[in-house]
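Right, one structure below, let's go through it.
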Amino acid sequence: MIKRGILKAFDSGTYTATVQVQGSLSVWLDDVPVSRSIPTGEMVTGRNVAVIFLDPGNPS
2 MIKRGILKAF DSGTYTATVQ VQGSLSVWLD DVPVSRSIPT GEMVTGRNVA
52 VIFLDPGNPS
């Protein structure tokens, strides 16, 4: 499943982000892994992002 979100913070040392799930004022995800192929300069607070949720029950 893919959800839209808003980047709230980015840690370039650990390459993780804090993301607010779009449409929710109270759901913020911490320590979201970010692909290292995305340049740090692109990780700007307030930018729209896509978050992929993998289903552990579906191995494919």
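In this text, residue positions in the sequence shown follow this note's numbering: the first is 2, and each later residue adds one.
Glycine residues also receive a C-beta, built at the ideal position from the N, C-alpha and C atoms.
- Residue nearest to Thr-17 within the set Arg-5, Pro-40, Asp-31 is Asp-31 (criterion: CA-CA distance).
- DSSP, read as helix, strand or coil, puts Gly-6 in strand.
- Classified as buried, Val-50 has 16 or more neighbouring CB atoms from the shown chains inside 10 Å of its CB.
- Thr-17 sits in a strand when the DSSP states are folded into three classes.
- The straight-line gap separating the alpha-carbon atoms of Pro-57 and Ile-3 is approximately 14 Å.
- DSSP places Val-52 in the uninterrupted beta strand (DSSP E) bounded by 49-53.
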